[in-house]
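Okay, so the sequence shown: first residue is 1 according to our numbering, each after it adds one. A virtual CB, placed ideally from N, CA and C, is assigned to each residue, including glycine. Heads up: the structure comes next, in structure tokens.
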Amino acid sequence: MGFVGKPLPRFEDDVILRGKARYVDDIDLPGMLYAGFVRSPYAHAKVLKVDLSDAAGHPGVVAVFGPGDGFNFAPGGKVRYQGEAVAMVVARDRYVLYDALEKAAVDYEPLPAVVDVYEALKPGAPLVDESLGSNVVYENIYIGGDVEKAFREADVVVEGRFSIQRLVPSAMETRGVVASYDGETLTVWSSTQVPFDIRKEVAKALGLPLAKVRVIQPHVGGAFGSKLLVYPEELWVARAAYVLRAPVKWVATRTEDFRATTHGRGLTLEYRACAKRDGEILAVEGTIYEDAGAYYWGEGLADTAARMLPGPYDIRHGRVKVIAVLTNKTPLSAYRGAGRPEATLFIERIVDHIADELGIDRVEIRRRNLVRQLPYTNVFGITYDTGDYPATFERGLERLGYHQLRRWAEEEARRGRILGVGLSVYVEITTFGYETAILRAEEDGSFTLYTALTPHGQGLATALAQVVADELEVSPEVVKVYWGDTAYISDGIGTMGSRSITAGGSAAILAARKLKAELAKAAEKLLGCKPEYSGGKFRCGDKEISIGDVVKAVYRGEAEAQLTVEAIYHAEPTFPFGVHVAVVELDPETGFVKPLLYRSYDDVGVVVNPLLAAGQVMGGALQGIAQALYEEVIYDSDGNLVTSNLAFYYVPTAVEAPRFEVYFAERPHPSKHPTGTKGIGEAATIASTPAVVAAVEDAMRKIKPGVRISKTPVSPEDVWRMLR
Ligand code: MCN
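Spelled out as structure tokens, the structure:
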């Protein structure tokens, strides 16, 4: 056996590659109606009047819903960001729908918009939510050690600011919902990460028993954290289907998605840090500003960034304030990493800043400060579980050929070619909460697993089949995994936070153990002796019985056992650690930076499927590279989203991708979970941005020593200006 650790190709791929996968927009029900939203062209405006009579009278329109129709559009009588919905139109087809949407007459009184966090904090700034009295929607502070004393004892103090742009998560599939009510069951299909949450919210909103609401997550074309909230459209479309007793579909256009799906990142850190002359970092303090957008989801992005700010370094004194600020922009929420990419970029920049100040090599300063002994509780109370950071760091440098790459860059510089080599080290927090699995024994010796995970590109059906196969000592080919349907399984959290294989895989292992124990009871009765289990059979003495025959005997009433078992697993966080290196080439004439090579070395405990894990590293790294070099959400001063589609917002493709070389630790430090895994889904997004930023800085310093990058993205224009 031993399927865990094998690079099995994904079971999921056949259906996807043949174009047979069913996404929300592929769902076609008889009598389907199409919903669309009247969305505000203004970032901030009073809604004086919504006249839907022309739209309602348009031939083919079935219903219109505006403020006051119980749909909670434009609360407080105003819109707070461009693209906020003020009304909904339902029509017989999409052509009619788009014509009718144009006939909706809305009178707005535009208000001054506030789009910049610092402007929003000034006295007299326009208020996004008047009831708060200011634009500060949330504040917190994290304190540990004695910061004042540390600064008194320090030899060197650095200070600065680093700002991270907003990003659009840019899943290939935009959001979309279909809902249908047959008088008995309300069924909702959504391009989501959270069918269980949608079910609860829809049931609550419509006053239906949970049991009569079924939410299905069909194939989902990516999410990257942007589909882990229950969005208003999900409730509105469900309500429309319920009220109209007809199936209703809404699928966002790309621009609609750019405006109405949450953005990510958007944090700025103002920092001070201090160290001893020998490089020992004593303290870090600062303020993190979160550009929360028009509504605050309370995802705690700045809090995560604050609490993980010490990173893998043993920094004993810290104080970080977090301030979430409302602005007239699309609300902010999770995007791959959700606070950890920010924490890692911030601390890696601070460590480099201190290294420069002290004239210490960037490797050396890391070596000097890495946490030595695990488990370790950081200054803000987060306990890193397992690992050997110094040893993994050294091994990583060696495996990635860091020093050789630097020498290569020096040689190339002598020939006039400007290469930069950047290094980053990270520890990140993955996995939280409970997860559920239901496992059923079939009478031919195969197994059906229902998981509450909600994969949307990660290949989890394959990985889950691998862990269950190993536990049951069968082939993964006889383990069929179903997901994304609240009719199969009633609760769970879903795929996010790089938690799936660790939390959901562990739930699956527990279910497999339970099922084995159940079937062993029945087998004992049937065999008349206490059996051992191996390879799909129970054996004692010279007698044996296959799992399938036990199942049949249970159906015939010859023995008793539960053939379907459920397991719920509660997972504590676990902490991947790694070293990543990026090499870029800089064109000093244009400021253009090309990523050439990207190497990663990660300790994520047991690697269930190296093919899947490596895919996560490559895709994740490219997104982090995009943050470093390309992508940026831009609003004008009136709050118009300038980068409102893929023509203006630069998502890299395989063309921009560097060569990837992905390594996993040869002697990993497993987590304490039954799978032994730590998450890999976000690690490379977290590690790549600081590695690339450091590489760009390294390249630029070959032309202009001492330049320091203090924001992302680093566009060609930024590079060009800094070099001059
Ligand atoms: N894996 C493994 N060994 C490990 C850890 C993980 O083999 N030690 C494998 C898993 O089996 C799984 C994959 O790697 O196939 C990712 O597992 P995990 O780290 O548990 O992360 P999740 O499955 O929970 O995925 C969530 C993560 C997040 S948070 C974002 S955001 C993200 C990402 O995954 N969004 C994605 N990867 C994505 N990939 C695609 N294609 N699309 C997205 O939207």
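Exposed unless 16 or more other CB atoms sit within 10 angstroms - verdict on residue i
i	result
Gly77	exposed
Phe17	Reading the sequence as shown, one finds Leu at residue 17 and not Phe. Exposed is the call here.
Arg724	exposed
Asp352	buried
Leu646	exposed
Gly264	buried
Cys274	buried
Lys516	buried
Val696	buried
Gln404	exposed
Glu558	exposed
Val227	Looking at the sequence shown, residue 227 is not Val but Lys. Counting Cβ neighbours within 10 Å, Lys227 comes out buried, since at least 16 surround it.
Leu309	buried
Gln458	buried
Pro7	exposed
Tyr95	exposed
Pro75	exposed
Ile141	exposed
Residue i CB to nearest heavy atom of the ligand MCN below 8 Å
i	result
Gly505	yes
Pro573	no
Met618	no
Met32	no
Glu682	yes
Leu472	no
Pro455	yes
Met496	yes
Arg265	no
Ser163	no
Asn609	yes
Gln217	no
Lys733	Outside the shown range of the chain (1 to 724) lies residue 733, about which nothing can therefore be said.
Val606	yes
Gln404	no
Ser500	yes
Tyr108	no
Arg336	yes
Gln82	no
Thr386	no
Gly578	no
Gly459	yes
Anticipated Cβ contact below 8 Å, residue i with residue j, distance rounded
i	j	result
Gly279	Glu364	7 Å
Leu345	Thr685	That belief does not hold up - the Cβ atoms of Leu345 and Thr685 are roughly 11 Å apart, past 8 Å.
Val427	Gly311	6 Å
His595	Val692	Correcting the residue identity first, residue 595 is Pro in this sequence and not His. That belief holds up - the Cβ atoms of Pro595 and Val692 are roughly 6 Å apart, short of 8 Å.
Leu400	Val579	7 Å
Val33	Val62	Note on residue identity: the sequence assigns Leu, not Val, to residue 33. Right, their Cβ atoms sit about 6 Å apart.
Pro112	His44	7 Å
Ile360	Val284	The pair is not a contact, with the Cβ atoms about 17 Å apart (cut-off 8 Å).
Ala305	Leu267	6 Å
Tyr601	Pro658	16 Å between Cβ atoms; not a contact.
Pair within 9 Å by beta-carbon distance, residue i and residue j
i	j	result
Tyr555	Glu443	yes
Leu326	Arg80	yes
Val481	Thr675	no
Gly639	Asn378	no
Ser131	Leu121	no
Gly31	Ala246	yes
Phe224	Arg340	no
Thr392	Ala665	yes
Terminal residues of the alpha helix (DSSP H) in which residue i lies
i	result
Ser180	No alpha helix (DSSP H) holds Ser180; the beta strand (DSSP E) holding it covers 176-181.
Ser53	53-57
Arg161	It is not in any alpha helix (DSSP H) - Arg161 instead sits in the beta strand (DSSP E) that spans 156-164.
Ser688	683-701
C-beta neighbour in chain D for residue i, strict 9 Å
i	result
Val479	Although the question refers to chain D, the structure presented lacks it and comprises just one protein chain.
Range of the contiguous beta strand (DSSP E) that encloses residue i
i	result
Val320	317-326
Lys672	Unbroken run through Lys672: none, as it is neither H nor E.
Asn140	136-144
Gly422	418-427
Thr448	447-451
His580	577-587
Asp356	Careful: Asp356 lies outside any beta strand (DSSP E), inside the alpha helix (DSSP H) at 340-358.
Lys480	479-483
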